[in-house]
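Here the structure is laid out as C-alpha cells; the discussion comes afterwards.
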Amino acid sequence: MRKLSCIMILVVLLVSCHDNMDLSQLQEKDQLVVYCFPTSTDTTEIHVSTSIPVNGARIYLDSVNASFEINGKRKTAYFQKKIENNNLYELVYYVVGKLNIGDKVSVKVMEDRFSETTATTFIPNIPDIQSVFMDSVYNSGNFYNQIRLKLKSSQNKDYFAIRVIGREESYNGDVDSTYIYLRTQEIETSNEPILNNYSMGETSFNTDNDFYHNLYIFDNSTFGHDSTYTLHLNVKSKAYINSYKVQLYRITPELYHFIKSVNDIGNNEMGDYGMSFVQPSYTNIINGLGVVGGYALKETGWLSRK
-10 MRKLSCIMIL
0 VVLLVSCHDN
10 MDLSQLQEKD
20 QLVVYCFPTS
30 TDTTEIHVST
40 SIPVNGARIY
50 LDSVNASFEI
60 NGKRKTAYFQ
70 KKIENNNLYE
80 LVYYVVGKLN
90 IGDKVSVKVM
100 EDRFSETTAT
110 TFIPNIPDIQ
120 SVFMDSVYNS
130 GNFYNQIRLK
140 LKSSQNKDYF
150 AIRVIGREES
160 YNGDVDSTYI
170 YLRTQEIETS
180 NEPILNNYSM
190 GETSFNTDND
200 FYHNLYIFDN
210 STFGHDSTYT
220 LHLNVKSKAY
230 INSYKVQLYR
240 ITPELYHFIK
250 SVNDIGNNEM
260 GDYGMSFVQP
270 SYTNIINGLG
280 VVGGYALKET
290 GWLSRK
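Numbering (the working numbering), first residue to last: -10 to 295.
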C-alpha cells in the first residue's frame, strides 16, 4: 500500500509539471529527418527521409539537394540509393573526402517543400585505451567473461560509447568451410557504476537500464582529471562464443545526447502505462529531426576465452 501511495504522489507531481500539453503542437507538419555520422574515413553517408506528422499526410521524397562542408570547404553529395522497408524509406547520399581529427563538418539538406535543414559537428580525438584484460567471474548465479578495459580521461568533458563484439565460428563439414559470425553482446551493467544508471528512486519504480543496440554510453564527469578508469564489462559466458573484442568510441556531445534521449524513452517503463509524458528525442538539426554527430573509434584485438 505504501508503494502504491508513493507512485500516486509521483503521478500527481508529473501531471502538475505538464498541465498544458497539446500533442498536435509536437509536430503539425512533415519535417526532414537527417542522420549523418562522420568519422575519419574517406566516405561519409547522409540519410534523409521525412517524419510522420500527427496531423496530415506524409510527404514522400524523390530527391533532395544535399551538401557537405569540411572546415568551410564545400563537397558534393552524390545520390547512392533508396532504402525501402515496410512502406518506410530513406534516401542515401554519400560524400567522398578524407576527414581528420578536429575537422568541423556541416550538413545541409534542401527540398522545395521544406525549410532548409542544417546541422554541424566535428571529428573528436581517438580514445586512449591503456590496457585490456579478460577473465572469468561468477556473479548472481551466472558465469561471465569479464573484460577489464583501462581508458585515459582528459581534463575536458568527454563523451564515450562502448560495445563488445563476440566472435562465433561454425564448421560445416559438408563443404569443409568455417563460417564466422560477429555478434554484439549485451553487457551486464549492475556491477559497473559508470554504466549503471540506476538511482534509489528509479529502482523503486522498476525503471529499465537498456542501451540502444547494445551501444553503452557514458561520460567522464566522475573521473579525475587526466586520470585513468577501468571499466568492468561483464558478458554472459556462452559456449559458442570463443573470443571478444571491444570497440571504444569517443563521441560528440550531440551524438551522446541523442542516444541518451533514445535510451531514456525506451527505458521509461512508467511512460508505457501513461504515468509520465515522454518528450521527443533530442536533435541538433535546425528545421528538422535526427542528428548529425561525429565519432572516433579505437578497437582492441581479439581476446580469447581461457
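Every residue gets a Cβ at the ideal spot worked out from N, C-alpha and C, and that includes glycine.
For a quick check, are the C-beta atoms of residue i and residue j less than 7 Å apart?
{"i": "T167", "j": "K234", "result": "no"}
{"i": "S293", "j": "S210", "result": "no"}
{"i": "N252", "j": "F200", "result": "yes"}
{"i": "Y148", "j": "I176", "result": "no"}
{"i": "K225", "j": "N131", "result": "yes"}
{"i": "S38", "j": "E79", "result": "yes"}
{"i": "D19", "j": "S40", "result": "yes"}
{"i": "T106", "j": "I274", "result": "yes"}
{"i": "T217", "j": "Q144", "result": "no"}
{"i": "D117", "j": "K146", "result": "no"}
Going along the chain, which residues of its own chain have a beta-carbon closer than 7 Å to the beta-carbon of residue i, five neighbours each way excluded?
{"i": "S250", "result": "S270 and Y271"}
{"i": "P27", "result": "T33, L88, V94, T110, I112 and G283"}
{"i": "L286", "result": "T28, Q236 and Y238"}
{"i": "Y229", "result": "E157"}
{"i": "S104", "result": "N276"}
{"i": "L278", "result": "Q20, V22, S40 and T272"}
{"i": "L12", "result": "Confidence in L12 is poor, its pLDDT being 46 and thus under 50, which makes the residue's placement unreliable; the coordinate value appears in the next sentence. Excluding positions up to five away in sequence, the list reads V43."}
{"i": "D92", "result": "I59, N60, F111 and I112"}
{"i": "K70", "result": "V81"}
{"i": "R47", "result": "D19, T39 and I41"}
Starting from the C-beta of residue i, find all residues in its chain whose C-beta is less than 8 Å away, skip the five residues before and the five after it, and write them out in chain order.
{"i": "D261", "result": "Interpretation of D261 is limited by its pLDDT of 46, a score under 50 that renders its predicted location unreliable; no figure is taken from the coordinates."}
{"i": "I35", "result": "V23, Y24, C25, A55, F57, A66, V81, Y82, Y83, V84, V96 and V98"}
{"i": "N203", "result": "R152, V153, T173, Q174, E175 and I176"}
{"i": "W291", "result": "R156, S232, Y233 and K234"}
{"i": "K227", "result": "G155"}
Span of the beta strand (DSSP E) holding residue i?
{"i": "Q377", "result": "With the chain running from -10 to 295 in the structure shown, residue 377 is simply not present."}
{"i": "A46", "result": "It is not in any beta strand (DSSP E) - A46 carries neither H nor E in the DSSP assignment."}
{"i": "D124", "result": "I118 to N128"}
{"i": "Y82", "result": "L77 to V85"}
{"i": "S38", "result": "T32 to T39"}
{"i": "F132", "result": "N131 to K141"}
{"i": "L220", "result": "T217 to K225"}
{"i": "F212", "result": "Segment: none, F212 is in no beta strand (DSSP E) and carries neither H nor E."}
{"i": "A108", "result": "T106 to F111"}
{"i": "G282", "result": "Where G282 is concerned, there is no enclosing beta strand (DSSP E), given that its DSSP letter is neither H nor E."}
{"i": "L21", "result": "L21 to C25"}
What distance in whole Å lies between the Cβ atoms of residue j and residue i, which are believed to be in contact at a cut-off of 8 Å?
{"i": "N60", "j": "V126", "result": "At roughly 47 Å, the Cβ-Cβ gap does not stay under 8 Å, so N60 and V126 are not in contact."}
{"i": "I100", "j": "L21", "result": "Note that residue 100 is Glu in the sequence shown here, rather than Ile. That belief holds up - the Cβ atoms of E100 and L21 are roughly 7 Å apart, short of 8 Å."}
{"i": "I154", "j": "T173", "result": "6 Å"}
{"i": "M123", "j": "N134", "result": "6 Å"}
{"i": "H221", "j": "E181", "result": "5 Å"}
{"i": "F207", "j": "L184", "result": "6 Å"}
May I ask you to list the residues that DSSP assigns as paired with residue i?
{"i": "E158", "result": "I169"}
{"i": "H202", "result": "Beta-bridge pairing links H202 to no other residue."}
{"i": "E288", "result": "Q236"}
{"i": "N54", "result": "M99"}
{"i": "Y148", "result": "D208 and I240"}
{"i": "E177", "result": "N223"}
{"i": "I297", "result": "Residue 297 falls outside the range modelled here, since the chain spans only -10 to 295, and no answer is possible."}
{"i": "S293", "result": "S232"}
{"i": "V153", "result": "Q174 and V235"}
{"i": "I254", "result": "Its beta-bridge partners do not exist; DSSP assigns none."}
{"i": "I275", "result": "T107"}
Apart from the five residues on each side of it in sequence, which residues of its chain come closer than 6 Å, Cβ to Cβ, to residue i?
{"i": "S219", "result": "For the sequence presented, residue 219 should be read as Thr rather than Ser. Closer than 6 Å at Cβ, skipping near neighbours: R137 and K139."}
{"i": "Y49", "result": "none"}
{"i": "E191", "result": "Low confidence applies to E191: its pLDDT is 44, below 50, so where it sits in the model is not reliable, and the reading given next is rough at best. Counting only Cβ-Cβ distances below 6 Å, and skipping sequence neighbours, we find nothing."}
{"i": "V281", "result": "C25, V96, A108 and T110"}
{"i": "I90", "result": "I112 and N114"}
{"i": "Y160", "result": "T167"}
{"i": "V121", "result": "L138 and T289"}
{"i": "Y170", "result": "E157"}
{"i": "H214", "result": "Q144"}
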